[in-house]
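In the working numbering, each number is its position in the sequence shown, counted from 1, plus 114. Backbone N, C-alpha and C fix where the C-beta goes; we use that ideal spot for every residue, glycine too. Before any comments, here is the structure.
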Amino acid sequence: LVNVQGEAAGQVYSVQASFRLVDTKDKKVVFQGTAHARAGFERFESIYSNVRAREDAENRVARTIADDLKTRLAAYLSRAT
């Protein structure tokens, strides 16, 4: 989002998380991957509002990454022998 003065009125917070599931017996990586998430937020005149908007975006991204990892690990563990 860009206002008439050409300044950004919004931002996108983006996170990429890599993970590895390691078998403790032989120290081998048995499952690995990468999860991505993005959350947009609006910028305001108030500094406090900007901080809160960014924190909310960070929390949304963290929840999205956590849900993705939980689902992928559950799917892997449900079929692993």
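Nearest to residue i (by Cα), restricted to the options the options
i           : options          : result
residue 154 : 145, 140 and 123 : 123
residue 184 : 148, 167 and 169 : 148
According to DSSP, residues forming a beta bridge with residue i
i           : result
residue 126 : 154
residue 143 : 136
Residue environment, residue i, which counts as buried when at least 16 other CB atoms sit within 10 Å
i           : result
residue 175 : buried
residue 151 : buried
residue 171 : buried
Alpha helix (DSSP H) segment containing residue i, residue limits
i           : result
residue 173 : 161 to 193
Backbone secondary structure at residue i - three-state DSSP
i           : result
residue 137 : strand
residue 119 : coil
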